[in-house]
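Asks: Following this note's numbering, the residues of the sequence shown are numbered contiguously, the last one being 402. Backbone N, C-alpha and C define an ideal beta-carbon position, used for all residues, glycine too. Note that the structure is predicted; figures quoted are calculated from it, not measured. After the structure tokens below, expect a handful of questions from me.
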Amino acid sequence: MSKALSQQNSLKRVLIIHTEGNAFNNPSLKCIIDLLLGKGCEIDLRYSKSGASMLGYEGIRFLPFGRNLLRWKNLVFDRYCFRPLVFLSVLVEKFIYYKKYDLIIGVDRHGLIEASVLNKITKTPYVYISFEIMFESETSARYKSLEREASKGVAAWLVQDDVRAGQLQRENLLNPLNKILLPLASAGIGVAKVDRLRDRLGIPNDKLVAIIIGSLDNWTMADRILKCIADWSDDWVLIVHARYGRTRELLAGELSAFTHLLDHKIFISDAATEMVDDMGSILTGVTVGLAFYKPEYGKSYYGHYIGKNLEYLGLASGKISTYLRYGVPVILNEVGVYAKEARQFRFGCVVERTEQIKDCLDEISHDEYRHNAVDYFVKKLDFNIYRDKIWSRFEALVDKSI
1 MSKALSQQNS LKRVLIIHTE GNAFNNPSLK CIIDLLLGKG CEIDLRYSKS
51 GASMLGYEGI RFLPFGRNLL RWKNLVFDRY CFRPLVFLSV LVEKFIYYKK
101 YDLIIGVDRH GLIEASVLNK ITKTPYVYIS FEIMFESETS ARYKSLEREA
151 SKGVAAWLVQ DDVRAGQLQR ENLLNPLNKI LLPLASAGIG VAKVDRLRDR
201 LGIPNDKLVA IIIGSLDNWT MADRILKCIA DWSDDWVLIV HARYGRTREL
251 LAGELSAFTH LLDHKIFISD AATEMVDDMG SILTGVTVGL AFYKPEYGKS
301 YYGHYIGKNL EYLGLASGKI STYLRYGVPV ILNEVGVYAK EARQFRFGCV
351 VERTEQIKDC LDEISHDEYR HNAVDYFVKK LDFNIYRDKI WSRFEALVDK
401 SI
């Protein structure tokens, strides 16, 4: 099937540059990869080795790089921002690793910059996908100058919503006519599983379950949530499930104060999911998902600044969209667009402080919230809504360049 399609399509070979290296843990990126493969494209995926699972995938040539090259890129791209070295670095990689492509997709800062250099060398059109916005006020004019230069030649740019689009356009001087909106979300309603995480953890059937998934860094306020658990009704328990597993190890410091609640009120999942769109086992039997965000201005985690990028979160929360996909309503704090939408469409409850979670638990357990969660996902977030438009734009870019 793929070979027949490939002969019909002008878009046949794609390079994706994604330094973060967690393509299959990113809902939108996973869907775009599946879309391209389904259309018969061959993909080269350039990425840094990380703790994320990278399964073998037919149709993808994996091009990983190690820590030493990542350190080099961080120095050249982010610290020194020295254009000749950036160009030389990408040129060397081109001759060693890359083939001839119809389209290049650059993800976030490094991907954008590298794609623009390759465009200068090969004239191949390139698309920029933004999941993290870097602000000049949190970095520097020198740091942003590389992005702005790279943004001049972008054929299309994808961002999650109008709020983030406005900020990204302003910061990178992007052409608004080339914008494509794509909420950070998977494709299709999530499928429930018989094999439930809650059962494997030994949670009694009469208990209602809240869950935290994803990152457990300080900006997620996971530590503050843990401090509130003792005040919850006896009907409720909490599962903590880190993005790449090793939850107990990551929370070692915090959990020492809650040993009396472990396996009674707090349950730790060390399982690691291989695909972000296969969370049925984790979320089946869960009543509510918790999603809290705390901007930390001037701080960066793994090269991502988490001040204004979280202040203007928009629809860029894969955590929230994943909950809704499985019909799990959300308790969240004031995080802009999602907080406003939760109030309007009643798929969740908004609180100011983690201490107020307990006051929402009984309310959010009503079936109305679960139905509203799925309904909102289907109508607003589902990748299937945007699939055809994205493919048409990608194909048109290639046709235009021929």
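(1) Nearest to P295 by CA position, among A257, E363, T220, is which residue?
(2) If we ignore side chains and look at the alpha-carbon of each, how far apart do A141 and C228 end up?
(3) By DSSP, does I43 sit in helix, in strand, or in coil?
(4) Leaving out five residues on either side along the sequence, give the residues of the same chain with a beta carbon under 6 angstroms from the beta carbon of K3.
(5) Assign G327 to buried or exposed, taking buried as 16 or more other Cβ atoms, counted over all protein chains shown, within 10 Å of its Cβ.
(6) Taking K30 as the reference, which of R200, A187, V86, E42 has the closest Cα?
(7) State the beta-bridge partners of E296 as determined by DSSP.
(8) Determine the direct distance from the alpha carbon of S28 to that of K379, and round the result to whole angstroms.
(9) Is it right to say E352 is buried, meaning 16 or more other beta carbons lie within 10 angstroms of its own, or is it exposed?
(10) CB G289 to CB Y297, shorter than 9 angstroms?
(11) Do you know offhand how far A23's Cα is from M54's?
(12) For the region 119-150, which segments carrying the alpha helix (DSSP H) assignment without a break, of at least 4 residues, lie completely within its bounds, in sequence order?
(13) Quick check: the region 362-379 against the region 328-343, are there 3 or more CB pairs under 8 angstroms?
(14) Using CA atoms only, rank isn't needed, just tell me which of R67, H260, D270 is closest to I239.
(15) Taking the C-alpha atoms as reference points, what is the distance between D382 and I189?
(16) Would you check if the distance between the CB atom of S145 and the CB atom of E395 is smaller than 9 angstroms?
(17) Buried or exposed for R46, going by 16 or more other Cβ atoms inside 10 Å?
(18) In chain order, what residues of the same chain have a beta carbon less than 6 angstroms from the beta carbon of D399, not counting five sequence neighbours either side?
(19) Can you tell me whether DSSP reads H241 as helix, strand or coil?
(20) Just verifying my parser: in three-state terms, what is the DSSP assignment at H18?
(21) Please report the straight-line C-alpha distance between L173 and I212, rounded to a whole angstrom.
(22) Mind checking who F62 pairs with in its DSSP beta bridge?
(23) Among residues of its own chain, excluding the 5 on either side of M1, which ones have a beta-carbon nearer than 8 angstroms to its beta-carbon?
(24) For C360, which residues in the same chain have their Cβ closer than 6 angstroms to its Cβ, ignoring the five residues on either side in sequence?
(25) Would you report the Cα separation of L103 and G253, rounded to the nearest angstrom?
Replies: Here's the rundown:
(1) Here the closest residue by C-alpha is T220.
(2) Distance from the CA atom of A141 to the CA atom of C228, rounded to whole angstroms, is 42 angstroms.
(3) Here I43 sits in strand by DSSP.
(4) Residue placement at K3 cannot be trusted, given a pLDDT of 48 that sits under 50; the coordinates are not used to answer.
(5) buried
(6) A187
(7) I306
(8) 16 angstroms
(9) exposed
(10) no
(11) 8 angstroms
(12) none
(13) yes
(14) D270
(15) 8 angstroms
(16) no
(17) buried
(18) S10
(19) strand
(20) strand
(21) 36 angstroms
(22) L45
(23) Its pLDDT being 42, under 50, M1 is placed unreliably by the model, and nothing is read from it.
(24) The residues I331, C349, in chain order, have a CB closer than 6 angstroms to that of C360 in the same chain once the five nearest residues on each side in sequence are set aside.
(25) 46 angstroms
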